[in-house]
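In our numbering, each residue's number is its place in the sequence shown (first place is 1) plus 150. Below is one structure, written out as structure tokens; comments come after it.
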Amino acid sequence: MRVRIVFTLKNKGAMVPFHHQQLIYDLVNHLMPNFSIEHNHVYSFSGLKGQTQVSQKGLHFFSSKVTWVVSTLSPIFLQKLIESIFKNQELKIGELLLIPDYVEREVFPEPTTTTQFLCISPIVLVSPMKNSFYAKHFVSPSIDLFSDLLYQSTLSRIEESGLYSNSEIDEFYKFQFVPDQAYLEKIKNNDKKFARIYTLQDENQKLEIRGYTLPFTLYAHPKVQNFVINCGLGSYNHKGYGMLDLADHSKTEREILPHWEMVAVSN
151 MRVRIVFTLK NKGAMVPFHH QQLIYDLVNH LMPNFSIEHN HVYSFSGLKG QTQVSQKGLH
211 FFSSKVTWVV STLSPIFLQK LIESIFKNQE LKIGELLLIP DYVEREVFPE PTTTTQFLCI
271 SPIVLVSPMK NSFYAKHFVS PSIDLFSDLL YQSTLSRIEE SGLYSNSEID EFYKFQFVPD
331 QAYLEKIKNN DKKFARIYTL QDENQKLEIR GYTLPFTLYA HPKVQNFVIN CGLGSYNHKG
391 YGMLDLADHS KTEREILPHW EMVAVSN
């Protein structure tokens, strides 16, 4: 289930760092101590969205509304999160003072074995705790190793989620990540980057990881497709990495929830 939580921005022009996922992660843990940690394998989230201007310090928000996207396969987690947010008259992320406004739910079409995705946030292939080399070293998305590392990370999270039986997991052997080659060629010709080094905190350690942002097609079991669209792809999804969106929005339905308690309704 995916929702867009919309806030009213109290102080236009306020700033957050370019990559502010850690601030959001810290806020979630503050709002729901211990509860969020128990659900680390089954949710993902975006950075803050709105009208922004870039400065040397970061992103300055000038829109009256700021949106945050959260996705999960746990209705209980989402209900608890939104309940915790709306108990506050005001929340602070970076310099932004945000007043909770309303919730919009997104309903995706039934997944198939083939899905075209966009990256809302960078994909991390593997945790440095498990493979310090490939967590930071550049791997071309066009080679099998890229897909293999993603499969291992994602399957590990699927197993740890406890949402699937062993017999179901045995069916999840098909997994192929195919990058949009036209996009990669365009990026190369324009001398731009789709892979960057990011810094995050994990288990009280400061780690460097490489994140990849590019459109791609994923060939996998429909239940795997459903897992990655709701819980993210790769590693550190609970810290704001690997959140995906459908390339084709024509079949995605949106509705504003009449009251935030309705978020508990199953997708």
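All residues carry an ideal CB built from backbone N, CA and C; glycine is no exception.
By the C-beta criterion, the stretch 313-320 is judged not to be in contact with the stretch 271-279, since fewer than 3 inter-stretch pairs fall below 8 Å. Within a 10 Å sphere around the beta-carbon of Gln351 sit fewer than 16 other beta-carbons, which makes this residue exposed. By the 16-neighbour rule on beta-carbons within 10 angstroms, Asp398 is exposed. The beta strand (DSSP E) runs lying completely inside the stretch 202-280 and spanning 3 residues or more are 202-204, 209-211, 215-222, 241-243, 246-257 and 264-269, given in chain order. Residue pairing by DSSP places Gln351 opposite Lys356 in a beta bridge.
Counting along the chain, the unbroken alpha helix (DSSP H) around Phe377 starts and ends at Pro372 to Cys381.
Between the stretch 278-294 and the stretch 158-171, the count of C-beta pairs closer than 8 Å stays below three; the two stretches do not touch. When secondary structure is reduced to three states using DSSP, Ile319 falls in the helix class. Residue state for Phe327 is assigned as strand, using DSSP reduced to three classes. The Cβ atoms of Thr265 and Ile379 sit closer than 9 Å to each other. Within the same chain, and ignoring the five residues on either side of Gly208 in sequence, the residues whose Cβ sits closer than 6 Å to its Cβ are Met165, Val166, Pro167 and Phe168. Within the stretch 161-199, the runs of beta strand (DSSP E) that reach at least 3 residues and sit entirely inside it are, in chain order, 193-195.
The stretch 354-372 makes contact with the stretch 255-271; the number of CB pairs closer than 8 Å reaches 3 or more. Separation of Val289 and Lys160 (C-alpha to C-alpha, rounded to the nearest whole angstrom) is 42 Å. Contact between Leu383 and Gly392 holds, with the beta-carbon distance rounding to 5 Å and staying under 8 Å.
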